[in-house]
Amino acid sequence: MFTLPTQDVVGKSLFELYPAEVAAEFLHNVQTVIRNRRMITTIEPIPLPDGTIGDSLVYKFPMLDGSGQQVVGGIAIDITDRKRAEAALQDYADRQTLLNQLASQIRNSLNLDTVIETTIQAVRDLLEIDYCGFCWVVPDAPVRHWQIVQEAKGEHAPSLLGEYPLTLIGEAIAQQLTQQQIVCVDDAAQCGDPTFKALLAESGVQSVLLVPLRTHSQRIGCIIGDHFQQVRPWTEREQELLQSVATQLAIAIDQAELYAQSRTQSEELQQALQELQRTQAQMVQSEKMSSLGQLVAGIAHEINNPVNFIHGNLAHARTYVQDLLSLTDLYQQEHPTPTPAIARHAEAIDLEFLREDLPKLLASMRVGTERIHEIVRSLRIFSRLDEAESKPVDIHDGIDSTLMILHNRLKPRSGREEIQVIKEYGTLPPIECYAGQLNQVFMNILSNAIDALEERDQQRPIEVQKQQPSTIWIKTQTWPDDQVSIHIIDNGNGIPPAIKQRIFDPFFTTKAVGKGTGMGMSISYQIVAEKHGGKLECFSEPGQGTEFVIHIPIYQAIADLS
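First residue of the sequence shown? That's 492 in the working numbering, and the numbers climb one at a time after it.
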């Protein structure tokens, strides 16, 4: 095994055959066998013919020699190749782990500093080197330089952060980096470039590995590996590893730059959107939304004209039909046996069914036109946005018109039961107010309540929805101080305290992008508090539902609206 003649081994002590540290380990194992009088199995280092140290699997056991003296026998199996293969596999696994960690970091973070810091720390730990850093190489600036921006170092390694002129590393090394060529120096004393050699000597670097990268924006970066304590050869696998890391890092930098650009554009768009929203809010407060009221009123008018025509003619049509039916009755009485041709035609058109169904058809048409009249009336009430002056109105009409417009959202849908509305109206006098703007407040609060109930019902089975139906209560009452209050209550999930305290802030919303501007409740608060001298309050506890209370004076003359 040791390729030594027997005569060169027999009679020699361990310290004559092996290096001191190997001999000491052998001796310790021999003493353990003698002391415990049991066999041991262990792995021991062995010197190989080429001067390197290998591994052997050793079985050592107590035994007696020919004279009865206790000695230690042993069997050794050379497992150097196996251990080296295991080390290579572990090295490969460590490389893959590092690359996977880096890829995960790229996916989970768009912060460039975090990605670089994590990368160089992982490289230093894996390669067990004194220093690992990252620098930007700037060869085309007025002052050509490189700048080390991140580093991970051992306790005794110096900090190299900072900006340095490119002339310090020499033109040849700078050209290698700009051409994306790895710079590998195993022994600084043997470096062939005199300028770079002088820099390494001044810095105390014994071995260095520079792995460049280029981003999509043509920026040149470089991963730096330094060893200060002694010469450290860089294996081919280590160079391949850092090349893979550099590739991943370039991807991370590209993503971070794209993210920064998109974030800048997003901030500009957000600023523009906020300006538009502020303009909208100002239009509401300065009563410049009258066009909406005019539009709704115009639609209601256009619908109402043809419906009135149909509804008015239905009465005449009903009279005409009754006259025709009475004529057919009289004809059947006078001529109970019709001619064959009349009999065939009566059968073809199912005369008896027509006589029975035609009055029902006219009645259903009348119900339909009356329903359209109700919708038109609600639209007209809701369209009071363009009224510049306050006037006494029936608040209940405004609430009912809002519910009419929201009727379709209250109806049952796939996976959701009907949202019930319970009205508990008190006896209210006509209220002096800007009716269209108050209708807007009702619309905002009721729409939010429906949103909350719909969101909650998405998480509830139909059976639970039937047992505990989603409900909105609307209560109104008067108070002795010439005030009225409107309470809009839902039995949804409620509002967390952190959100409730910001609910009237401009532009604050918890809805997804595109589903809310964050202006609805802010505008509602301004309409109630500033326009009507009233008060809008929110009461809510998580899991207990939400209640909005609107307090407004009955007579606007008592409110200071200046």
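Quick reminder that beta carbons are idealized off the backbone N, C-alpha and C, glycines included. Here the structure is a predicted model, which is why all the values come from computation and not from measurement.
(Q) What does the alpha-carbon distance come out to for the pair I664 and G716? (A) Walking along the sequence shown from the start, residue 664 turns up at place 173. Walking along the sequence shown from the start, residue 716 turns up at place 225. Between I664 and G716, the C-alpha separation is close to 15 Å.
Q | Of the listed residues V513, Q498, F517, P553, nearest to V524 (C-alpha basis) | A | On the sequence shown, position 33 is the one that residue 524 refers to. Checked all of V513, Q498, F517, P553; the closest Cα to V524 is P553.
Q.
As a quick exercise: from I922, H978, H898, G683, pick the residue whose alpha carbon is nearest that of I941.
A. Taking the first residue of the sequence shown as 1, we reach residue 941 at position 450. Among I922, H978, H898, G683, the Cα nearest to that of I941 is on H898.
**Q.** Residue environment, K779, which counts as buried when at least 16 other CB atoms sit within 10 Å
**A.** As a first step, residue 779 must be located in the sequence shown, where it is residue number 288. Interpretation of K779 is limited by its pLDDT of 43, a score under 50 that renders its predicted location unreliable; no figure is taken from the coordinates.
Q: Count the CB pairs spanning the stretch 667-680 and the stretch 749-766 that are closer than 8 Å, and state whether there are at least three.
A: no
Q.
Within 10 Å of its beta-carbon, does E915 have 16 or more other beta-carbons around it, so buried, or fewer, so exposed?
A. Taking the sequence shown and counting its residues from 1, the one referred to as residue 915 is at position 424. Exposed is the call here.
Q. Taking the continuous beta strand (DSSP E) assigned at I840, which residues delimit it?
A. Position 349 of the sequence shown holds residue 840. Where I840 is concerned, there is no enclosing beta strand (DSSP E), given that its DSSP letter is neither H nor E.
Q.
I'd like to know if the stretch 989-998 and the stretch 1009-1029 are in contact, where contact means that at least 3 CB-CB pairs between them fall below 8 Å.
A. yes
**Q.** Coarse secondary structure for M780, derived from DSSP in three states
**A.** Looking up residue 780 in the sequence shown gives position 289. Note that M780 scores a pLDDT of 48, beneath 50, so its modelled location is shaky; the value from the coordinates is reported in the next line. Coil.
Q: Would you kindly report the start and end of the unbroken alpha helix (DSSP H) that includes P921?
A: The residue labelled residue 921 in the question sits at position 430 within the sequence shown. No alpha helix (DSSP H) contains P921, which DSSP labels as neither H nor E.
Q.
If I follow the unbroken alpha helix (DSSP H) through D981, where does it start and stop?
A. Against the sequence shown, residue 981 aligns to sequence position 490. Premise fails: D981 lies in the beta strand (DSSP E), 974-981, not in any alpha helix (DSSP H).
Q.
Across the stretch 517-537 and the stretch 561-568, are there enough close Cβ pairs to call them in contact, namely three or more that are closer than 8 Å?
A. yes
**Q.** Neighbour-count burial assignment, D546, 16 or more Cβ in a 10 Å radius
**A.** Working through the sequence shown from its first residue, we reach residue 546 at position 55. So D546 ends up on the buried side.
Q. Taking the alpha helix (DSSP H) that M1012 falls in, what are its first and last residues?
A. On the sequence shown, residue 1012 is found 521 positions in, with the first residue counted as 1. Looking at the DSSP string, the run of the alpha helix (DSSP H) that includes M1012 is 1011-1017.
Q) By Cβ distance, which residues of its chain are closer than 7 Å to G917, with the 5 residues on each side in sequence left out? A) As a first step, residue 917 must be located in the sequence shown, where it is residue number 426. T967, Q968, T969.
Q) From E759 to Q746, what distance separates their C-alpha atoms? A) Within the sequence shown, the letter at position 268 stands for residue 759. Within the sequence shown, the letter at position 255 stands for residue 746. Approximately 20 Å, taken between the alpha carbons.
Q.
Using 8 Å as the cut-off, can you tell me whether the stretch 624-633 makes contact with the stretch 725-732, which would need three or more C-beta pairs spanning the two stretches below that distance?
A. no
Q. Taking the alpha carbon of H647 as the point to measure from, which residue in V640, Y622, L657, E662 has its own alpha carbon closest?
A. Position 156 of the sequence shown holds residue 647. When only C-alpha atoms are compared, the closest one is Y622.
Q: Just tell me which of Y1046, A680, G645 has its CA closest to the CA of K882.
A: Your numbering for residue 882 matches position 391 in the sequence shown. The shortest C-alpha separation from K882 is found at Y1046.
Q: Let me know if L690 comes out buried or exposed under the rule of 16 or more other beta-carbons within 10 Å of its beta-carbon.
A: For the purposes of this step, residue 690 is identified with residue 199 of the sequence shown, where counting begins at 1. Buried, since its Cβ has 16 or more Cβ neighbours within 10 Å.
(Q) Please classify L593 as buried or exposed, where buried requires at least 16 other C-beta atoms within 10 Å of its C-beta. (A) In the sequence shown, the residue the question calls residue 593 occupies position 102. Answer is buried; the Cβ neighbour count reaches 16.
**Q.** N- and C-terminal bounds of the alpha helix (DSSP H) containing I896
**A.** Here residue 896 corresponds to residue number 405 of the sequence shown, with the count starting at 1. Where I896 is concerned, the enclosing alpha helix (DSSP H) stretches over 886-896.
Q | Nearest-angstrom Cα separation, counted from S1031 out to E909 | A | Here residue 909 is taken as the residue at index 418 of the sequence shown, counted from 1. Here residue 1031 is taken as the residue at index 540 of the sequence shown, counted from 1. Going from the Cα of E909 to the Cα of S1031 covers about 23 Å.
Q) What did DSSP end up calling E1021 once you bin it into helix, strand or coil? A) To locate residue 1021, count along the sequence shown from 1; it is residue 530. If DSSP states are grouped into helix, strand and coil, E1021 belongs with the helices.
Q) In chain order, what residues of the same chain lie with their CB nearer than 6 Å to the CB of M934, ignoring the 5 residues before and after it? A) Indexing the sequence shown from 1 puts residue 934 at position 443. For M934, where only same-chain residues beyond five positions count, the Cβ hits under 6 Å are T893.
Q: Could you tell me which of E512, T543, Y550, I544 sits nearest to R529, measuring between CA atoms?
A: By one-based count along the sequence shown, residue 529 stands at place 38. Residue Y550 is the option with its Cα nearest to R529.
Q | From P920, R705, Q671, S938, residue whose alpha carbon lies closest to that of I896 | A | Against the sequence shown, residue 896 aligns to sequence position 405. Ranking the options by Cα distance to I896, first place goes to S938.
Q: Find the nearest neighbour of L539 within the set L1027, T571, G653, judged by alpha-carbon distance.
A: On the sequence shown, position 48 is the one that residue 539 refers to. The shortest C-alpha separation from L539 is found at T571.
Q: Quick one: residues in its chain with C-beta nearer than 6 Å to the C-beta of S777, no 5 flanking neighbours on either side, listed in chain order?
A: Position 286 of the sequence shown, counted from the first residue, corresponds to residue 777. Summary for S777: the model assigns pLDDT 47, below 50, so the residue's position carries little reliability, and this model does not support an answer.
(Q) Just to check my reading of the structure: V606 and C626 have Cβ atoms closer than 8 Å, yes? What is that Cβ distance to the nearest angstrom? (A) Looking up residue 606 in the sequence shown gives position 115. Looking up residue 626 in the sequence shown gives position 135. Between C626 and V606 the Cβ distance is about 15 Å, and since that is not below 8 Å, they are no contact.
(Q) Tell me the DSSP secondary structure of P553 in three-state form. (A) For the purposes of this step, residue 553 is identified with residue 62 of the sequence shown, where counting begins at 1. Strand.
**Q.** Coil, strand or helix - Y811 by DSSP
**A.** Taking the first residue of the sequence shown as 1, we reach residue 811 at position 320. Here Y811 sits in helix by DSSP.
Q. Below 8 Å between beta carbons: does that hold for N984 and G1034?
A. Translated into positions along the sequence shown, residue 984 becomes position 493. Translated into positions along the sequence shown, residue 1034 becomes position 543. Yes; because the gap between Cβ atoms is below 8 Å, this pair is in contact.
Q: Taking I965 and V912 to be in contact with their CB atoms under 8 Å, please state how far apart those CB atoms are, rounded to whole angstroms.
A: Stepping through the sequence shown from its first residue, residue 965 is reached at position 474. Stepping through the sequence shown from its first residue, residue 912 is reached at position 421. That belief holds up - the Cβ atoms of I965 and V912 are roughly 7 Å apart, short of 8 Å.
(Q) Applying the 10 Å Cβ sphere with the 16-neighbour rule, what's the burial state of R573? (A) Mapped onto the sequence shown, residue 573 falls at position 82. So R573 counts as exposed.
Q. How would you label I544, buried or exposed, when you count the other beta carbons within 10 angstroms and need 16 or more for buried?
A. Position 53 of the sequence shown, counted from the start, is the residue given in the question as residue 544. By the neighbour-count rule (16 or more Cβ atoms within 10 Å), I544 is not buried but exposed.
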